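A.B. asks: Sharing a structure here in structure tokens format.
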Amino acid sequence: MRIGRLKAMAVKETLQVWRDPRSLMIALLMPAMQMLLLGYGFSLDIKHIPVCTYDRENSQQSQALLKHFQASQYFDIVRVVGNYPELTRAVDAGNCRLAVVVPPDFTEQVSVLGSGKVQAIVDATDDNTAQVALGYAQAVVAGFAAEVQLDATGPQVQAAAMIQPLSVEPRVWFNEDLESRNFIIPGVVAMVMALVGAQLTSLTVSREWERGTMELLVSTPVTPLEVMLGKLIPYFAISFIDATLCLVFAVFWFAVPFRGDLLTLFLTTAMFSVVVLGIGYLISVTIRNQLGASQIALLVTMLPTTLLSGFAFPIDQMPGIIQVMTYFVYSRYYVTILKSVFLKGLGLGALAMPVLAMAIYSVAVAALAARAFHKSLD
Amino acid sequence: MFGRILQVLIKEAIELYRDKWGRFRLIVPPIIQLLVFGYAATFEVFGVSTIVLDLDHTQESRELVSRFTFSNRFELVEVAGSQRDIDRAIDRSAAAIGIVIHPGFANLLRKGATAPVQVLVDGTNSNSALIALGYVGEIAATFSQDYAADLVRRTRPESARMVQVTLEERPWYNPDFNSRWFFVPGIIGTLMLMLIVNLTSFAVVREREVGTLEQIMVTPIRPIEFILGKTVPYFLIGLGEVALVAGVGVLWFGIPLVGNPFLLLLGTSLFLLSTLALGLLISTLCVTQQQAFATNFFVLNPLFILSGFSFPIASMPEALQWFTYVNPLRYYLVIIRATFLKGVGISALWPDMAALAAIAVILLTVSILRFRKSLD
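This is the structure:
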């Protein structure tokens, strides 16, 4: 390897990036965009669920129950219907997620029999929202029952009925306010790095093939190792700038707690960078057209990083075989490290296992990438 | 005119046919993406790893612990001997939830006072933590209710009758609350958006980058003919892809398709037209494929995140909610989920269809005008 040739290669590649200001700008705007989109768009906090009501009794009792729904911050009564077909239409068209039906003999059920039944029809297309909505509805109905109980029993037994035997005292660690943002933002660093690292580099060699400049490159005395380093150095720099931008954004814009140390973060970020850049380069050398290269890069970097790393979907809820697969997904280790460094404040010692996995991965990928480029035209 | 369009069509068809890798990439990656998404994407919470510290050792405390053991929402991974065990388990992520019952728990209950139960939660994954806390609350509430009923029955038999109001749950369209039913139709829409916009924009930009666009422009072909020749194949590919991916969804994941397939075809066609137009529009802004790739990502990612694919639109800040109204994926997701799961007709879906059609017409007009200009 000659420093002169390496430098020439790196300068050529840097100029190519530099003279395409739009791609460069996009690479540098990526962190801000991803952070803002996911920081604000990723929220599973469910409030104001649209509800329609069908009161088949229309009594004081039934209206009292519906008032409880109205008062809840989780529900918005958007429509009052008078028959089942109307209710079906409203749920079908998605105008309401939940339909509460009070039976015609509700007052009798409650005051005479002591047990009333209310129907809750829920649009379960979105299973998560539906289950959360039902949970809130249960709580509303329970609140109503307690109130009726209080009215029915005299003041002398009030005390007994009012007892709340158990109180749950939750203490939340690491993400004390249970903010979605604190959960998702650290992982966005991995997403941005995978994107910039693998996707942009996946085009660098395939571009030379497509444009016909590969013949020129092959005819120079440059060695495969110099090609790899020269091509990757500018992108390594961009990924690092992006990682820093992400960090600044996370801490100063979204106020995500950063409890760990920068050394751990930057060391593992460098390793992750080597892995994704190396993979992007390997793809680029293998697939000689840019569309194909970018598609494959998407498949082997972005897809596992967003889905199989624990970034948004918890790994322990996946089927066993998929859980085994995640151990081979390099982003899994990096995402674990990111979340631990940000929220738990763990250092290199406590993170030895995932850091070791990242190190092995980066050495292996670098070794493969260094020998990938062949100086021939077929 | 039709003869010339046909020529471009034939050229595109041959180009696609000769690219064996290209054909492979049209079929295999979408299926892999569908499978990974289908298996990995879920917000369900089952078997939360739980560690318990019972310092009371009474019938009551054991009763409470057993309610956690019997719930499929929690899985007891360890019985702690001291508070330090709990701290360590949560630190090491060996357990996500720690339940501590302090000494004197049963005494407080028997006296009719409120007995505290301490619950330690790893809040890193805020969503799972919130849901798990909800289940803890449910278990605590039923325990409370049973205990209070028992107490009233024992101390004041004359007023033993408790008023109960139960909620009869009727989940429509997805009776088992299966996440996969929700995600798989959504994945079809998302995959189509990514695939068609990429294919169209790259196809045009590539000709520009490699220099063959100029060659085409010196032939007698008119811009509109060129556009049609370029887009019709991708429209057909898109329809084929939807059929393929939907087929895998139905046959492999067992997602029901209860609605009218022709309605789905109509919605899909409108959606494909808007994605083609978007791809074309991006191609007029880019000279190199790297630019096209970067621009695509910049456009597609917001469309994906702000579509209601996995995060409910109603939970987003209002400014972002406004943005979703110009997002074709938003409407297509409503249509595809409704035809797959709800089986509703055009009477329920016409507003989304109309919005999608409007977006398609506007995008097509703008992109064709811009495209003609970019050729001059």
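Quick mapping for you: the protein sequence lines, in order, are chains A and B.
Quick note: the first sequence uses our numbering, first residue 5, plus one each step.
Quick note: the second sequence uses our numbering, first residue 810, plus one each step.
Glycine included, C-beta positions come from ideal geometry on N, C-alpha and C.
This one's a predicted model, so the numbers in the text were calculated from it and none came from an experiment.
(1) Please confirm whether glutamine 299 (chain A) and leucine 207 (chain A) have their CB atoms less than 8 Å apart.
(2) Run through chain A and tell me which residues come within less than 8 Å of asparagine 936 (chain B), C-beta to C-beta.
(3) DSSP three-state call for arginine 1181 (chain B): helix, strand or coil?
(4) Quick one: Cα of lysine 1182 (chain B) to Cα of isoleucine 325 (chain A), how far?
(5) Measure from the C-beta of threonine 305 (chain A) to each C-beta in chain B and report whether the shortest distance is under 8 Å.
(6) My assumption, with CB atoms under 8 Å, is that isoleucine 341 (chain A) sits in contact with threonine 305 (chain A). Please give the rounded CB distance.
(7) Shorter than 8 Å from the beta carbon of leucine 355 (chain A) to some beta carbon of chain B?
(8) So, valine 817 (chain B) versus glutamate 1034 (chain B), is the Cβ gap smaller than 8 Å?
(9) Less than 8 Å between the CB atoms is what I'm expecting for leucine 1142 (chain B) and leucine 1129 (chain B), so what's the real figure, rounded?
(10) For a contact defined as C-beta to C-beta under 7 Å, what are the partners of aspartate 96 (chain A) on chain B?
(11) If you reduce the DSSP assignment to three classes, tell me which class tyrosine 58 (chain A) lands in.
(12) Starting from phenylalanine 991 (chain B), find everything on chain A with Cβ-Cβ shorter than 8 Å and list it in chain order.
(13) To the nearest angstrom, report how far apart glycine 1088 (chain B) and glycine 351 (chain A) are at their CA atoms.
(14) Can you say whether methionine 357 (chain A) is buried or exposed, counting buried as having 16 or more other CB atoms within 10 angstroms of its CB?
(15) Determine whether the beta carbon atoms of lysine 1151 (chain B) and aspartate 131 (chain A) lie at a separation below 8 Å.
(16) Throw me the rounded Cβ distance for the alanine 949 (chain B) and valine 369 (chain A) pair, which I believe falls under 8 Å.
(17) Note down, one range per segment and in chain order, each alpha helix (DSSP H) of at least 4 residues found wholly within the segment 318 to 351 of chain A.
(18) So which residues on chain A does glutamate 853 (chain B) lean against when the C-beta distance must stay under 8 Å?
(19) Just to confirm, does tyrosine 331 (chain A) get its C-beta within under 7 Å of one of the non-hydrogen atoms of the ligand FAD?
(20) Using a C-beta to C-beta distance shorter than 8 Å, which residues of chain B count as neighbours of histidine 52 (chain A)?
(21) Is the CB-CB distance between threonine 92 (chain A) and asparagine 983 (chain B) below 8 Å?
(22) Return the CA-CA distance between valine 1014 (chain B) and threonine 1093 (chain B), expressed in angstroms with no decimal places.
(23) Apart from the five residues just before and just after leucine 385 (chain A), which ones in its own chain have a Cβ nearer than 7 Å to its Cβ?
(24) Who are serine 858 (chain B)'s beta bridge partners in DSSP?
(25) Would you report the Cα separation of alanine 257 (chain A) and glycine 118 (chain A), rounded to the nearest angstrom?
(26) Quickly, what does DSSP pair glycine 907 (chain B) with across the bridge? List them, please.
(27) Return the bridge partner residues of glycine 120 (chain A) from the DSSP annotation.
(28) Verify the CB distance criterion: does leucine 19 (chain A) have a CB-CB separation below 8 Å to chain B?
(29) Identify every residue that forms a DSSP beta bridge with leucine 102 (chain A).
(30) At 4 residues or longer, and completely inside the segment 1015 to 1056 of chain B: list those alpha helix (DSSP H) runs for me, N to C.
(31) Cβ atoms of glycine 45 (chain A) and methionine 1003 (chain B): under 8 Å apart, would you say?
(32) Rounded to the nearest angstrom, what separates leucine 864 (chain B) and glycine 913 (chain B) at their Cα positions?
(33) How do the segment 314 to 322 of chain A and the segment 842 to 861 of chain B stand: do at least 3 beta-carbon pairs fall below 8 Å, yes or no?
(34) Would you say alanine 165 (chain A) faces chain B, with C-beta separation under 8 Å as the test?
(35) Would glutamate 173 (chain A) pass as an interface residue toward chain B - the criterion being a Cβ-Cβ separation below 8 Å?
C.D. replies: In short:
(1) Within the first sequence, numbered from 1, the residue matching residue 299 (chain A) stands at position 295. Within the first sequence, numbered from 1, the residue matching residue 207 (chain A) stands at position 203. No, they are not a contact pair.
(2) Mapped onto the second sequence, residue 936 (chain B) falls at position 127. Those within 8 Å of asparagine 936 (chain B) in chain A are Leu48, Ser184, Phe187.
(3) Here residue 1181 (chain B) refers to the residue found at position 372 when the second sequence is read from its first residue. The answer is helix: DSSP assigns arginine 1181 (chain B) an H, G or I state.
(4) Along the second sequence, read from residue 1 onward, the residue named residue 1182 (chain B) stands at position 373. Along the first sequence, read from residue 1 onward, the residue named residue 325 (chain A) stands at position 321. Roughly 53 Å between the two C-alpha positions.
(5) In the first sequence, counting from the first residue as 1, residue 305 (chain A) sits at position 301. Judged by the 8 Å Cβ criterion, threonine 305 (chain A) is not in contact with chain B.
(6) Within the first sequence, the letter at position 337 stands for residue 341 (chain A). Within the first sequence, the letter at position 301 stands for residue 305 (chain A). About 17 Å; that fails the 8 Å criterion.
(7) Translated into positions along the first sequence, residue 355 (chain A) becomes position 351. Closer than 8 Å: no.
(8) Residue numbering aside, residue 817 (chain B) sits at position 8 when the second sequence is read from its first letter. Residue numbering aside, residue 1034 (chain B) sits at position 225 when the second sequence is read from its first letter. Pairing valine 817 (chain B) with glutamate 1034 (chain B) gives a Cβ-Cβ distance under 8 Å.
(9) If you number the second sequence from 1, residue 1142 (chain B) lands on position 333. If you number the second sequence from 1, residue 1129 (chain B) lands on position 320. Not a contact, Cβ separation roughly 16 Å.
(10) The residue you call residue 96 (chain A) lines up with position 92 of the first sequence. Those within 7 Å of aspartate 96 (chain A) in chain B are Lys1151, Val1153, Ala1157.
(11) In the first sequence, counting from the first residue as 1, residue 58 (chain A) sits at position 54. Correct three-state label for tyrosine 58 (chain A): strand.
(12) Translated into positions along the second sequence, residue 991 (chain B) becomes position 182. Chain A residues near phenylalanine 991 (chain B): Thr129, Asp130, Asp131, Asn132.
(13) Taking the first residue of the second sequence as position 1, residue 1088 (chain B) is located at position 279. Taking the first residue of the first sequence as position 1, residue 351 (chain A) is located at position 347. About 45 Å.
(14) Here residue 357 (chain A) is taken as the residue at index 353 of the first sequence, counted from 1. Classification of methionine 357 (chain A): exposed, given that the 10 Å Cβ count is below 16.
(15) To locate residue 1151 (chain B), count along the second sequence from 1; it is residue 342. To locate residue 131 (chain A), count along the first sequence from 1; it is residue 127. Going by C-beta atoms, lysine 1151 (chain B) is not nearer than 8 Å to aspartate 131 (chain A).
(16) Along the second sequence, read from residue 1 onward, the residue named residue 949 (chain B) stands at position 140. Along the first sequence, read from residue 1 onward, the residue named residue 369 (chain A) stands at position 365. The Cβ separation is near 49 Å, so there is no contact.
(17) 324 to 330, 334 to 343
(18) Translated into positions along the second sequence, residue 853 (chain B) becomes position 44. Those are Asp131, Asn132, Gln321, listed as they occur along chain A.
(19) This structure lacks the ligand FAD, and indeed carries no ligand of any kind.
(20) One-based indexing of the first sequence puts residue 52 (chain A) at position 48. Here the neighbours are Ala1123.
(21) Here residue 92 (chain A) is taken as the residue at index 88 of the first sequence, counted from 1. Here residue 983 (chain B) is taken as the residue at index 174 of the second sequence, counted from 1. No; because the gap between Cβ atoms is not below 8 Å, this pair is not in contact.
(22) Here residue 1014 (chain B) corresponds to residue number 205 of the second sequence, with the count starting at 1. Here residue 1093 (chain B) corresponds to residue number 284 of the second sequence, with the count starting at 1. Their Cα atoms are separated by approximately 8 Å.
(23) Examination of residue 385 (chain A) is not possible in this model, given that chain A is present from 5 through 382 alone.
(24) For the purposes of this step, residue 858 (chain B) is taken as the residue at position 49 of the second sequence. In the DSSP output, where bridge partners are listed per residue, serine 858 (chain B) has B:Glu884.
(25) Taking the first sequence and counting its residues from 1, the one referred to as residue 257 (chain A) is at position 253. Taking the first sequence and counting its residues from 1, the one referred to as residue 118 (chain A) is at position 114. In the sequence as presented, alanine is not what sits at residue 257 (chain A); that position holds tryptophan. Going from the Cα of tryptophan 257 (chain A) to the Cα of glycine 118 (chain A) covers about 54 Å.
(26) Here residue 907 (chain B) is taken as the residue at index 98 of the second sequence, counted from 1. DSSP output for glycine 907 (chain B) lists B:Ile860, B:Leu929 as bridge partner(s).
(27) Taking the first sequence and counting its residues from 1, one reaches residue 120 (chain A) at position 116. Glycine 120 (chain A) pairs with B:Val974.
(28) In the first sequence, residue 19 (chain A) corresponds to position 15, counting from 1. Leucine 19 (chain A) does not count as touching chain B.
(29) The residue labelled residue 102 (chain A) in the question sits at position 98 within the first sequence. Note: leucine 102 (chain A) sits in a beta bridge opposite A:Val55, A:Val126.
(30) You should have 1021 to 1026.
(31) Position 194 of the second sequence, counted from the start, is the residue given in the question as residue 1003 (chain B). Position 41 of the first sequence, counted from the start, is the residue given in the question as residue 45 (chain A). No.
(32) One-based indexing of the second sequence puts residue 864 (chain B) at position 55. One-based indexing of the second sequence puts residue 913 (chain B) at position 104. Cα to Cα, the separation comes out at about 9 Å.
(33) yes
(34) Within the first sequence, residue 165 (chain A) is the residue found at index 161, counting from 1. Here alanine 165 (chain A) scores only 49 on pLDDT, less than 50, and its place in the model should not be relied on; the value that follows carries that caveat. So, interface residue.
(35) As a first step, residue 173 (chain A) is located in the first sequence; it is residue number 169 there, counting from the start. Answer yes: the Cβ-Cβ gap between glutamate 173 (chain A) and chain B drops below 8 Å somewhere.
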